[in-house]
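Novice: Here's a structure for you.
Protein chains: 2
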Amino acid sequence: MNTRQLHELAQQLRVDSVRAAAAAESGHPTSSMSAADLMAVLLANHLHYDFERPAHPANDRFVLSKGHASPLLYAAYKAAGAINETELLTFRKLGSRLEGHPTPRRLPWVETATGSLGQGLPVGVGIALAGKRLDHTGYRVWVLCGDSELAEGSIWEAAEHAGYEHLDNLIVIADINRLGQRGPTRHGHDLDAYARRFKAFGWHTVEVDGHDVDAVERAFAEAGSTTGQPTVVLARTLKGKGVAAVQDREGMHGKPLPDAEEAITELGGVRDLRVEVQSPPAARMLHAVQGGHLDLPRYDIGDEVPTRDAYGQALAALGHARGDVVAIDGEVGDSTRAEFFHKEHPERYFECYIAEQLMVGVAVGMAARGWVPYASTFAAFFTRAHDFIRMASISGAGINLVGSHAGCAIGEDGPSQMGLEDLAMMRSVYDSTVLYPCDANQTARLVAATAGLEGVRYLRTSRGKMPVIYGPTEEFPIGGSKVLRASAEDRLTLVAAGVTLHEALKAADALAEQGISVRVIDLYSVKPVDRATLREAAERTGCLLTVEDHREQGGLGDAVLDAFTDGRPVPRLVRLAVRTMPGSATPAEQLHAAGIDAESIAAAARLLVEEAVVR
Amino acid sequence: MNTRQLHELAQQLRVDSVRAAAAAESGHPTSSMSAADLMAVLLANHLHYDFERPAHPANDRFVLSKGHASPLLYAAYKAAGAINETELLTFRKLGSRLEGHPTPRRLPWVETATGSLGQGLPVGVGIALAGKRLDHTGYRVWVLCGDSELAEGSIWEAAEHAGYEHLDNLIVIADINRLGQRGPTRHGHDLDAYARRFKAFGWHTVEVDGHDVDAVERAFAEAGSTTGQPTVVLARTLKGKGVAAVQDREGMHGKPLPDAEEAITELGGVRDLRVEVQSPPAARMLHAVQGGHLDLPRYDIGDEVPTRDAYGQALAALGHARGDVVAIDGEVGDSTRAEFFHKEHPERYFECYIAEQLMVGVAVGMAARGWVPYASTFAAFFTRAHDFIRMASISGAGINLVGSHAGCAIGEDGPSQMGLEDLAMMRSVYDSTVLYPCDANQTARLVAATAGLEGVRYLRTSRGKMPVIYGPTEEFPIGGSKVLRASAEDRLTLVAAGVTLHEALKAADALAEQGISVRVIDLYSVKPVDRATLREAAERTGCLLTVEDHREQGGLGDAVLDAFTDGRPVPRLVRLAVRTMPGSATPAEQLHAAGIDAESIAAAARLLVEEAVVR
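And the structure:
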């Protein structure tokens with residue numbers, strides 16, 4: 001498109017943004033208007049994308065990091081012929097695909113859900129890494145960022161990594177419109193301030209008047225021809241550009257224009273231009289290539305193996321069986337044991353250094369390109385990426401997160417390194433699967449099983465050695481459990497997983513010696529939970545005692561309750577969990593101090609059984 | 001101290017680090033050894049600190065951002081006479097104050113718990129901001145960072161803010177030892193790479209050989225005399241410096257030296273140098289100054305007021321009554337209503353822009369200096385700072401977090417903006433208080449009450465208007481609840497809070513018209529929970545129906561269970577919660593789609609009552 005046409009297209013995008021927000025009576029038209037010229041130039045002259053085949057392997061990828069500018073995105077879809085006029089005006093209405101913030105759950109052209117700022121770029125880095133190192137189909141990744149979100153640290157985690165990895169297939173378009181939600185940004189229109197920062201992180205920078213379509217055209221061309229480093233196009237723009245009542249004015253964020261009709265007139269009226277977006281080159285998906293037979297590691301019953309070791313070994317094996325599995329780690333691969341995968345599949349291993357938000361963002365980006373990522377760090381440090389995990393669930397992203405060093409059982413390192421809140425966090429994630437194995441064979445089986453699941457999958461592993469109690473052919477369905485001790489005389493059920501399962505078994509043995517028979521359930525599938533088995537145990541034994549190396553909120557104990565919240569009678573329940581603030585101590589001392597070791601379990605069980613007798 | 005003495009002191013710090021780790025049989029001596037010269041120069045010649053009076057208002061503040069280098073910190077405490085030889089060797093043992101990672105819960109000289117990397121600097125920024133804008137006692141804030149942690153985005157959130165705020169009382173000492181946990185860092189010994197980044201963010205930078213004590217001495221002096229901007233001293237160091245078996249070698253992270261005796265000999269043997277740390281100047285605490293009478297806003301019953309408005313108005317009032325209250329926001333003060341405080345107390349308002357980790361870090365830093373911070377953003381976006389909140393609880397920091405836009409009731413903006421996991425997150429935080437008011441007077445009272453609590457306090461506010469149902473003199477104790485409907489004929493209890501409380505009241509009225517009497521409890525104190533009232537309701541009505549605008553995991557429903565997990569009989573329980581992935585829709589449509597509006601509640605209640613009859 002030429003200058004005049006681009007200008008007309010940009011005005012159409014503005015008008016359609018204004019119309020969508022007016023119809024919805026909410027939304028962010030002014031944040032859309034600032035970037036309309038940028039979007040027009042991108043759509044008409046630079047993007048290679050087949051809207052009829054969003055999965056095309058050579059499609060460029062566009063990420064709207066400033067997700068609130070969704071009216072602009074939907075206006076662009078309309079200009080490209082992907083949606084029609086009628087649908088545009090369903091914006092933000094019940095049942096519409098055009099949500100306030102875009103999500104791939106509803107729209108096939110959206111790579112990742114945005115709306116929590118600062119996340120589009122890390123995900124874009126993941127896609128760009130996939131493009132450079134895995135897909136090799138030559139696509140570019142375009143990320144439209146706002147200026148406010150450049151305050152998020154996750155942006156700089158991503159900028160650092162993109163520079164370090166020389167991602168010249170990644171182009172950030174930064175819409176520097178000077179105004180955040182509640183007023184001016186830190187740097188206003190000081191483009192140089194942003195340029196200095198990106199340059200320092202190894203980026204090529206181009207500064208441009210974001211409303212001069214010819215200048216933008218040249219800037220995108222320069223970005224496209226830059227090799228060896230990513231490019232940021234820093235565009236000076238005006239929020240609400242084109243409508244005097246709102247242009248460059250504070251207090252105009254996140255609301256429809258005061259007079260939409262007048263604004264549309266001022267913008268030159270409604271247009272119906274149609275853009276022929278350039279097609280991607282022919283290309284073939286590579287990652288569908290599968291490997292061979294899955295040869296999981298096998299451990300002998302009685303061996304002492306940390307579940308984190310089994311994770312690393314199983315993942316390495318899975319990497320041979322499946323060519324689409326990739327591993328990502330936050331510079332602790334020697335601890336999480338992701339290094340085992342690294343050694344055997346270096347080309348599919350991605351080191352994200354100590355930047356957990358980036359790590360999860362990269363996983364989401366790779367999942368968007370069809371890869372099956374396993375991202376690992378300490379269970380505790382996934383809290384760093386909680387917002388990314390939440391947004392991944394909104395995307396419906398299929399990612400595996402593996403948290404090692406669960407619970408106080410890690411010992412001397414102390415509470416900062418202990419995952420004590422991870423089950424609560426991961427269980428509250430929509431449509432998540434949460435698994436917590438207690439032995440090496442179980443871990444290996446669960447690692448293999450998670451590859452084929454939907455949504456966010458979480459596997460919790462442990463630092464210390466634990467005895468292998470299951471044979472290598474034992475099966476562990478998602479949503480299942482294992483009843484390890486049971487008799488007709490059971491007077492109580494112990495429910496545990498991971499390290500506390502072994503403590504529960506010891507407690508059961510000690511109790512048996514005292515003539516008290518208790519049932520023991522290994523609740524390795526924390527979510528979904530095995531309702532049938534728990535209900536049967538409740539009926540037979542009347543009382544459940546849950547034991548977890550986790551805070552008492554949101555973990556195993558609460559998961560057990562899921563089986564009983566449909567109005568049926570609830571068994572008596574007692575939860576043992578970490579209710580103290582641990583310090584440094586040995587693993588055994590930690591478990592004892594928290595009251596979740598065999599001795600504590602047996603004592604609590606005795607008390608409950610005696611109480612039941614009294615009653 | 002002169003060159004020779006500084007060198008000797010540094011060697012002593014190394015030797016004591018080696019000894020502590022050897023005694024503990026774990027720990028991070030090599031990460032301590034790289035920074036020993038830096039610490040020696042700081043302690044002997046630059047730090048102004050009275051170890052006998054850690055609360056001294058003019059004490060410099062030292063933050064060990066690389067918290068795993070705790071042996072170095074404790075060795076420095078010993079050199080300063082704060083701890084003795086015997087205590088040093090209790091490192092990492094059960095009951096010792098000298099944990100694997102330092103925490104102010106146990107040691108009075110520690111400002112903040114560290115060990116999750118990248119957090120010391122944001123907290124340091126909070127302390128430095130307090131120093132510049134609130135305390136005015138002239139102290140400096142010294143933060144010792146590792147190089148690996150410079151990959152964390154939170155570091156750059158903090159670097160950006162420190163530069164922007166011209167925090168020349170903040171000095172970062174960056175121990176660039178080239179090696180992370182599992183191998184080399186991104187930039188190795190390329191000090192210029194780090195210098196470019198910090199410079200771009202507005203910092204003064206000094207590059208130095210970190211083992212040349214004279215050069216370090218000059219660097220610290222330069223840092224101390226720099227005005228108008230923060231300084232980073234980038235020190236080239238060697239991990240494990242001084243012991244050939246480990247120096248600059250991979251695979252030596254986080255473990256005792258292979259031969260401690262030999263290492264000590266190589267380092268010149270055990271020394272017992274004592275440092276006279278310089279005293280701080282005389283100074284007076286300012287923030288103890290209290291304001292006047294607390295004149296909370298008062299709302300009339302029946303008025304329609306968003307609880308976020310009541311939060312802002314109450315906080316502004318609290319700011320008049322208490323001179324130690326400060327407000328911090330993440331560039332959404334117009335949404336959270338922190339702007340009301342800003343208007344009346346601009347000198348105690350801190351804008352952190354869209355950087356939630358920084359925001360919580362700043363709150364922790366200010367709390368460390370005795371201020372009472374209220375930090376606010378959308379409830380959803382506190383997930384961004386989950387790891388900081390977790391670490392704040394390890395610190396025992398007294399901070400208030402206020403999350404607005406709770407739940408799907410926000411309406412059209414969609415799931416990215418909805419706080420649906422916040423209660424689960426905040427409940428799982430050790431020693432936290434979690435409050436969720438349903439009306440304006442209740443909100444105002446709870447805002448005032450939280451100022452005096454210990455630990456992490458969370459207040460959840462709502463976007464939309466809700467009717468005022470309590471009078472302005474009603475009291476709302478922490479750990480309490482309100483029984484709003486009760487009769488001897490109650491056949492069920494509805495437990496709700498916030499927006500669903502109003503839906504529950506409507507449902508109760510509708511049920512009453514159908515001859516079904518139900519109890520209604522306003523569970524505004526989600527943690528601690530009012531066990532007595534819940535138990536009484538269970539005994540009287542037999543069945544509890546909880547309703548929450550939150551995921552079904554970890555929120556109100558699970559909080560109710562807390563009252564029944566001591567082995568007593570549990571009532572029948574049903575939980576209504578947000579089990580779907582919301583899209584865009586009006587608030588009323590959202591509540592209905594999630595099955596938590598009055599109609600859904602009444603339907604569920606009828607079903608339960610009928611089931612009970614059948615049984």
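Quick mapping for you: the protein sequence lines, in order, are chains A and B. Numbered according to UniProt numbering, the first sequence spans residues 1 to 615. Numbered according to UniProt numbering, the second sequence spans residues 1 to 615. Just so you know, even glycine gets a beta-carbon here, dropped at the ideal spot from N, CA and C. Everything numeric in this text was worked out from a predicted model, so none of it was measured.
(1) Under 8 Å, with one C-beta from each stretch per pair, do the region 565 to 573 of chain B and the region 554 to 567 of chain A reach the 3-pair mark?
(2) Taking 7 Å as the line, does the beta carbon of GLU536 of chain B fall inside it for any heavy atom of the ligand ADP?
(3) If I'm right that LEU296 of chain B touches ALA448 of chain B with Cβ under 8 Å, what's the distance once you round it to whole angstroms?
(4) Using a cut-off of 8 Å between C-beta atoms, extract the partners of ILE394 of chain A located in chain B.
(5) Put LEU608 of chain B into one of helix, strand or coil per three-state DSSP.
(6) Can you check whether the C-beta of ILE558 of chain A is within less than 8 Å of a C-beta belonging to chain B?
(7) Are three or more beta carbon pairs between the region 577 to 586 of chain A and the region 549 to 560 of chain A nearer than 8 Å?
(8) Whether or not the region 85 to 103 of chain A and the region 7 to 27 of chain A are in contact is what I'm after, with contact meaning three or more pairs of Cβ atoms, one per stretch, closer than 8 Å; do they touch?
(9) May I ask you to list, following chain order, the residues of the region 347 to 363 of chain A that have a beta carbon less than 9 Å from some beta carbon of chain B?
(10) In terms of alpha-carbon separation, which member of B:LYS343, B:ALA444, B:ARG337 lies closest to SER404 of chain B?
(11) Examine chain A for any beta-carbon lying closer than 8 Å to the beta-carbon of LYS239 of chain B, and answer yes or no.
(12) With 8 Å as the C-beta to C-beta threshold (strictly closer), list the residues of the region 423 to 452 of chain A near chain B in chain order.
(13) What is the rounded straight-line gap between the Cα of LYS239 of chain A and the Cα of ARG249 of chain A?
(14) Beta-carbon within less than 6 Å of ALA80 of chain B's beta-carbon, same chain only, minus the 5 sequence neighbours each way: which residues are those?
(15) Determine the direct distance from the alpha carbon of ILE596 of chain B to that of LYS482 of chain B, and round the result to whole angstroms.
(16) Is any beta-carbon of chain B found at less than 8 Å from that of GLU503 of chain A?
(17) Would you mind giving the Cβ-Cβ distance between VAL402 of chain A and TYR374 of chain A, rounded to the nearest angstrom? I have them listed as a contact below 8 Å.
(18) When burial is assigned at 16 or more other CB atoms within 10 Å of the CB, is SER34 of chain B buried or exposed?
(19) What separation, rounded to the nearest whole angstrom, lies between the Cα atoms of GLY480 of chain A and VAL560 of chain A?
(20) Would ALA151 of chain B and ARG186 of chain B qualify as a contact pair, given that the criterion is a beta-carbon distance under 8 Å?
(21) Using the three-state DSSP reduction, which class does MET425 of chain A fall into: helix, strand or coil?
(22) Of all the CB atoms in chain B, is at least one closer than 8 Å to the CB of SER26 of chain A?
(23) Please classify GLN357 of chain A as buried or exposed, where buried requires at least 16 other C-beta atoms within 10 Å of its C-beta.
(24) To the nearest angstrom, how far is it from the Cα of LEU47 of chain B to the Cα of ASP60 of chain B?
(25) Answer yes or no: does any C-beta atom of chain A fall closer than 8 Å to that of LYS93 of chain B?
(26) What ranges does the beta strand (DSSP E) occupy inside the region 313 to 392 of chain B, keeping only unbroken runs of at least 3 residues that lie completely in it?
(27) Sort out for me which residues DSSP pairs GLU304 of chain B with in a bridge.
(28) When the Cα of ASP522 of chain A is compared with those of A:LEU607, A:LEU545, A:PHE198, A:VAL172, which residue comes out closest?
(29) Reducing DSSP to helix, strand and coil, say where PRO54 of chain A ends up.
(30) Helix, strand or coil: how does DSSP classify CYS408 of chain B here?
(31) Between which residues of its own chain and ALA604 of chain B is the CB-CB distance below 7 Å, once the five residues before and five after are set aside?
(32) Below 8 Å, can you find three or more Cβ-Cβ pairs linking the region 452 to 468 of chain B to the region 296 to 309 of chain B?
(33) Checking contacts by CB at 8 Å: is PHE201 of chain A closer than that to chain B?
(34) Taking the alpha helix (DSSP H) that TRP156 of chain B belongs to, which residues open and close that run?
(35) Quick one: Cα of LEU69 of chain B to Cα of SER31 of chain B, how far?
(36) Check this for me: beta carbons of VAL125 of chain A and ALA158 of chain A, under 8 Å apart or not?
Specialist: Reading off the structure:
(1) yes
(2) As presented, the structure is devoid of all ligands, the ligand ADP included, so that no description of it is given.
(3) 6 Å
(4) PRO415, SER416, MET581
(5) helix
(6) First, the residue type needs correcting, since residue 558 of chain A is Asp and not Ile in the sequence shown. Chain B contact via Cβ: present.
(7) Judged by Cβ distances under 8 Å, the region 577 to 586 of chain A makes contact with the region 549 to 560 of chain A, as three or more pairs qualify.
(8) Note that the region 7 to 27 of chain A touches the region 85 to 103 of chain A; at least 3 beta-carbon pairs, one per stretch, sit closer than 8 Å.
(9) GLU351, CYS352, TYR353, ILE354, ALA355, GLU356, GLN357, LEU358
(10) B:ARG337
(11) no
(12) Flagged, chain order: ALA424, MET425, ARG427, SER428, VAL429, TYR430, ASP431.
(13) 7 Å
(14) PHE51, VAL275, VAL277
(15) 20 Å
(16) no
(17) Right, their Cβ atoms sit about 6 Å apart.
(18) buried
(19) Looking at the two C-alpha atoms, the distance is approximately 12 Å.
(20) yes
(21) Residue state, collapsed to three classes: helix.
(22) SER26 of chain A counts as touching chain B.
(23) buried
(24) 6 Å
(25) Judged by the 8 Å Cβ criterion, LYS93 of chain B is in contact with chain A.
(26) 325 to 329, 349 to 351, 372 to 378
(27) B:PRO467
(28) Restricting attention to A:LEU607, A:LEU545, A:PHE198, A:VAL172, the CA atom closest to the CA of ASP522 of chain A is found in A:LEU545.
(29) coil
(30) helix
(31) LEU545, VAL574, LEU576
(32) yes
(33) yes
(34) First-last of the alpha helix (DSSP H) with TRP156 of chain B: 153 to 164.
(35) Looking at the sequence provided, one finds Ala at residue 69 of chain B rather than Leu. Approximately 6 Å, taken between the alpha carbons.
(36) yes
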